[in-house]
Amino acid sequence: MPKTATSITFVGNSYYFCNKIYTDKKQADKQASLIRKNQKLARNASPCQLVNWSTCQLKHVLMVFKYDYLIIGAGVAGMSYALKVARAHKGKICIICKTTLDEANTAFAQGGVASVTNLEVDNFDKHIEDTMIAGDYISDREAVEQVVRNAPQQIRELVQWGVNFDKKENGEYDLHREGGHSEFRILHHADDTGAEIQRGLMAAVRANPDIEIKENHFAVEIITQHHLGIEVTRRTPDIECYGAYILNPETQKVDTYLSKVTLMCTGGCGAVYQTTTNPIISTGDGEAMVYRAKGTVKDMEFVQFHPTALYNPHETHPAYLITEAMRGYGGILRLPSGESFMEKYDKRLSLAPRDIVARAIDKEMKIHGLDHVCLDVTHKNAEETKHHFPNIYQKCLSIGIDITKEYIPVRPAAHYMCGGIKVDLNGESSIHRLYAIGECSCTGLHGGNRLASNSLIEAVVYADAAAKHSLAHADEYDFNTNVPEWNDEGTMTNEEKVLITQSVKEVCETMSNYVGIVRSDLRLKRAWDRLDLLYEETESLFKRVKASRDICELRNMINVGYLITRQAIERKECRGLHFTIDYPLHAYDKK
Numbered sequence: 002m003p004k005t006a007t008s009i010t011f012v013g014n015s016y017y018f019c020n021k022i023y024t025d026k027k028q029a030d031k032q033a034s035l036i037r038k039n040q041k042l043a044r045n046a047s048p049c050q051l052v053n054w055s056t057c058q059l060k061h062v063l064m065v066f067k068y069d070y071l072i073i074g075a076g077v078a079g080m081s082y083a084l085k086v087a088r089a090h091k092g093k094i095c096i097i098c099k100t101t102l103d104e105a106n107t108a109f110a111q112g113g114v115a116s117v118t119n120l121e122v123d124n125f126d127k128h129i130e131d132t133m134i135a136g137d138y139i140s141d142r143e144a145v146e147q148v149v150r151n152a153p154q155q156i157r158e159l160v161q162w163g164v165n166f167d168k169k170e171n172g173e174y175d176l177h178r179e180g181g182h183s184e185f186r187i188l189h190h191a192d193d194t195g196a197e198i199q200r201g202l203m204a205a206v207r208a209n210p211d212i213e214i215k216e217n218h219f220a221v222e223i224i225t226q227h228h229l230g231i232e233v234t235r236r237t238p239d240i241e242c243y244g245a246y247i248l249n250p251e252t253q254k255v256d257t258y259l260s261k262v263t264l265m266c267t268g269g270c271g272a273v274y275q276t277t278t279n280p281i282i283s284t285g286d287g288e289a290m291v292y293r294a295k296g297t298v299k300d301m302e303f304v305q306f307h308p309t310a311l312y313n314p315h316e317t318h319p320a321y322l323i324t325e326a327m328r329g330y331g332g333i334l335r336l337p338s339g340e341s342f343m344e345k346y347d348k349r350l351s352l353a354p355r356d357i358v359a360r361a362i363d364k365e366m367k368i369h370g371l372d373h374v375c376l377d378v379t380h381k382n383a384e385e386t387k388h389h390f391p392n393i394y395q396k397c398l399s400i401g402i403d404i405t406k407e408y409i410p411v412r413p414a415a416h417y418m419c420g421g422i423k424v425d426l427n428g429e430s431s432i433h434r435l436y437a438i439g440e441c442s443c444t445g446l447h448g449g450n451r452l453a454s455n456s457l458i459e460a461v462v463y464a465d466a467a468a469k470h471s472l473a474h475a476d477e478y479d480f481n482t483n484v485p486e487w488n489d490e491g492t493m494t495n496e497e498k499v500l501i502t503q504s505v506k507e508v509c510e511t512m513s514n515y516v517g518i519v520r521s522d523l524r525l526k527r528a529w530d531r532l533d534l535l536y537e538e539t540e541s542l543f544k545r546v547k548a549s550r551d552i553c554e555l556r557n558m559i560n561v562g563y564l565i566t567r568q569a570i571e572r573k574e575c576r577g578l579h580f581t582i583d584y585p586l587h588a589y590d591k592k
């Protein structure tokens with residue numbers, strides 16, 4: 002927890018040791034060198050850093066960093082924003098990366114990027130209508146139009162940054178079609194589009210001298226007036242973000258990062274479920290931090306379960322994704338007996354939107370007592386299949402399945418959060434100076450259900466909007482140097498680590514059992530009660546131990562689980578991805 006605001010005072014970029022100010026650089030450097038040596042912290046302070054030692058005890062070494070633009074998250078959203086802001090040369094930029102740059106959720110996206118490209122058969126209106134239909138008509142039409150109409154320009158920018166999309170021999174883009182799309186409009190790079198985008202953006206970001214990257218750093222909390230001793234509630238107007246408290250893994254200390262503008266782009270929260278296509282780091286950190294800071298978080302009940310994750314009981318975090326494009330290619334969903342079943346659920350068969358397909362698979366599994374169904378591409382040309390889906394072919398081969406001759410075992414897995422931190426068309430949240438883009442945000446594009454391959458392009462379009470808006474207003478802001486340091490007291494025993502591990506397991510079991518594809522009032526109430534108990538236990542533990550990534554992730558998972566459950570309870574209808582047996586109709590169907 003932060004200390005009181007009166008415990009520390011900052012002046013310019015001076016150095017503090019034992020509450021003494023050193024204005025002579027040589028003297029300060031000498032003292033700093035001595036303390037760093039004793040602490041084994043061989044670190045040089047840059048001009049944007051303010052180093053604070055508020056006590057003579059050598060165990061207490063905290064740092065304060067100052068950046069004009071603080072970016073929490075390093076997928077396509079965060080890196081696109083960083084590159085766009087860097088072009089203006091209007092200040093220092095820092096990317097906080099929870100692990101390493103190449104481990105962001107973006108790298109796990111297989112299918113592609115949706116954009117109107119072939120104007121002979123496709124147009125913006127078709128893409129807009131497809132998105133509205135998939136979103137069950139509660140998508141924000143302004144947000145939909147902003148993304149769809151700006152998509153082609155952002156595709157060109159990705160290409161300029163070094164991202165490669167597959168082309169035909171004639172030089173035209175090789176477009177895929179996925180569930181819910183009326184036309185072929187999915188640009189892709191084989192079956193690992195996300196990894197290709199991540200590769201291209203990483204190279205561009207690393208080559209930019211104005212962008213500093215902090216890998217393996219963890220955001221604990223965003224800083225608001227609350228940390229200055231001012232009471233903040235959900236009705237407080239003009240809440241402001243002054244930066245974030247960041248855990249440094251090398252020192253195991255929580256440092257203070259002050260910023261003029263903060264961008265939240267922490268990705269999804271699939272790790273709150275037992276089986277997910279997301280990496281294990283997807284614990285909903287951004288949504289949880291903003292919620293605790295009294296920001297607005299909405300539409301969290303709309304959790305998208307990808308219909309076709311590879312069924313492998315030994316691989317659940319992440320479960321390997323069998324891309325939607327494989328069904329667009331002609332794959333047929335079947336029972337292990339060979340019987341197709343989608344004709345019972347939707348006229349679009351295996352190309353129906355994901356919510357319909359996921360519920361159909363879930364129902365068939367329960368009816369027949371199965372742990373998976375199958376995706377069949379054995380009727381397609383073998384060489385063509387291997388060409389279009391080389392990574393899926395090799396992955397399945399590694400577990401003894403030749404997809405050109407055998408069915409692929411698949412089942413639904415938590416995949417994408419359609420809700421999140423509520424933002425406007427500029428990507429700005431309800432908290433002033435705080436923007437959010439990518440999966441952790443709720444732009445209104447997805448509504449009740451995300452249309453396949455709309456997420457990557459949404460991230461880039463909103464990165465552009467947020468960059469333009471924040472650049473236009475950054476000069477209005479200054480660093481708030483009254484922010485207190487984090488109270489780094491506390492210990493962590495092995496027994497407490499065991500409790501954290503068990504609590505994480507309980508969260509995942511609770512969400513999977515009671516807040517999954519099909520819900521009911523009784524199931525949701527049971528989840529609420531379980532999460533409430535876990536919340537009380539975890540908050541008590543958090544207050545007495547040192548901040549660590551494990552305890553912080555558990556807090557975030559519980560917060561996110563609570564938000565999903567509460568907002569699911571509040572929606573008294575079936576809509577998009579939220580399917581409840583107690584309210585089987587849309588709200589407008591009841592009238």
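Using the numbering used here, you'd call the opening residue of the sequence shown number 2 and step up by one each time. For every residue, glycine included, the Cβ atom is placed at its ideal position computed from N, Cα and C.
Burial state of residue i, where buried means 16 or more other Cβ atoms lie within 10 Å
i      : result
SER81  : buried
GLU302 : buried
SER183 : exposed
SER471 : buried
VAL462 : buried
GLN253 : exposed
ARG88  : exposed
SER399 : exposed
ARG412 : buried
LEU578 : buried
SER338 : exposed
ARG576 : buried
ASN455 : buried
GLY421 : buried
VAL519 : exposed
THR237 : exposed
PRO485 : buried
GLY113 : buried
ILE368 : exposed
HIS380 : exposed
Coarse secondary structure for residue i, derived from DSSP in three states
i      : result
GLN199 : helix
ALA245 : strand
TYR394 : helix
GLY285 : coil
ARG293 : helix
ALA320 : coil
MET301 : coil
ILE9   : Reliability fails at ILE9, whose pLDDT of 32 lies under 50, so the model's placement of it is uncertain and the value that follows must be treated cautiously. Three-state result, ILE9: coil.
VAL462 : helix
ARG157 : helix
TYR478 : coil
ASP472 : Asp is not the amino acid found at residue 472; the sequence shown has Leu there. Helix, per DSSP.
LEU334 : strand
ILE97  : strand
LEU71  : strand
LEU446 : coil
PHE109 : helix
Option in the options with minimal Cα separation from residue i
i      : options                        : result
ALA135 : ILE247, CYS375, ILE368, GLU179 : GLU179
VAL86  : MET558, LEU264, ILE223         : LEU264
GLY172 : GLU213, GLN155, THR118         : THR118
PRO250 : ASP551, GLY113, ALA569         : ASP551
THR511 : LEU102, SER456, ALA272         : ALA272
GLU340 : PRO354, GLU365, LYS396         : GLU365
HIS228 : LYS547, THR502, ASP141, GLU241 : GLU241
ILE96  : GLU232, PHE109, ILE156, VAL262 : VAL262
LYS168 : HIS388, GLY76, ILE582, LEU500  : HIS388
HIS474 : VAL65, MET64, ASP69            : ASP69
LEU311 : GLU143, THR324, ILE224, ASP103 : THR324
ALA414 : GLU385, ASP363, GLU407         : ASP363
ILE212 : THR257, LYS381, GLY296, CYS98  : CYS98
ILE72  : ALA152, VAL149, CYS266         : CYS266
3 or more residues per run - each beta strand (DSSP E) lying fully within the stretch 535-586: none
Would you call the stretch 124-131 and the stretch 436-451 in contact, with 3 or more CB pairs under 8 angstroms? no
Contiguous alpha helix (DSSP H) assignments of at least 4 residues, all confined to the stretch 125-176: 125-135, 142-161
In chain order, which continuous runs of the alpha helix (DSSP H) of length 4 or greater are located wholly inside the stretch 400-424? none
Threshold first: 3 residues or longer. Then list the beta strand (DSSP E) segments lying entirely within the stretch 342-396, N to C. 374-377
Is the stretch 185-192 close to the stretch 319-329, with three or more CB pairs under 8 angstroms? yes
Taking 8 angstroms as the threshold, find out whether the stretch 535-551 comes into contact with the stretch 483-494 through three or more Cβ pairs. yes
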